[in-house]
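Visitor:
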Amino acid sequence: MYRYKIHDDFGLPSSSFTICTFWLIRALFVIGEKEEALKIFEELISYSNHLRIFSEDLDFTTKRQLGNFPQAYSHLALINTAILFDEEVQKLPVH
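Residue numbers (the working numbering): 4 to 98.
Written out as structure tokens, the structure is:
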């Protein structure tokens, strides 16, 4: 997701703000769109680096990480979002 879409001193934004994308996933999950949330979550985590670390932004076209690196806010959002999916799995009946 874009952080904002307004032209500023840096021009028009061309990258996603990682924390906002995790917030989108969380919102989709909470409103019951769990499959869509999981699909976006899995796609987003595939863009982490080889150590599974995220930066602040992700270029829409190249998927290159931009901005502050590593970014604590991105990782906090990752953890909070992953907890949602883990709690969902914990609710499943054991066979």
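Think of the CB as a built atom: it goes at the ideal place given N, C-alpha and C, for glycine as much as any other residue. Note that the structure is a prediction, hence the values are computed from the model and not measured.
#1: Could you tell me whether the segment 31 to 41 touches the segment 7 to 23, using the rule of 3 or more Cβ pairs below 8 Å?
#2: For Asn-83, I'd like the list of residues in its chain whose CB is within less than 8 Å of its CB, leaving aside the five on either flank, ordered along the chain.
#3: So what does Ser-19 bridge to, in DSSP terms?
#4: How long is the line joining the alpha carbons of Ser-77 and Gly-14, rounded to whole angstroms?
#5: In three-state DSSP terms, what is Leu-47?
Guide: In brief:
#1: no
#2: Phe-25, Arg-29
#3: Leu-61
#4: 23 Å
#5: helix
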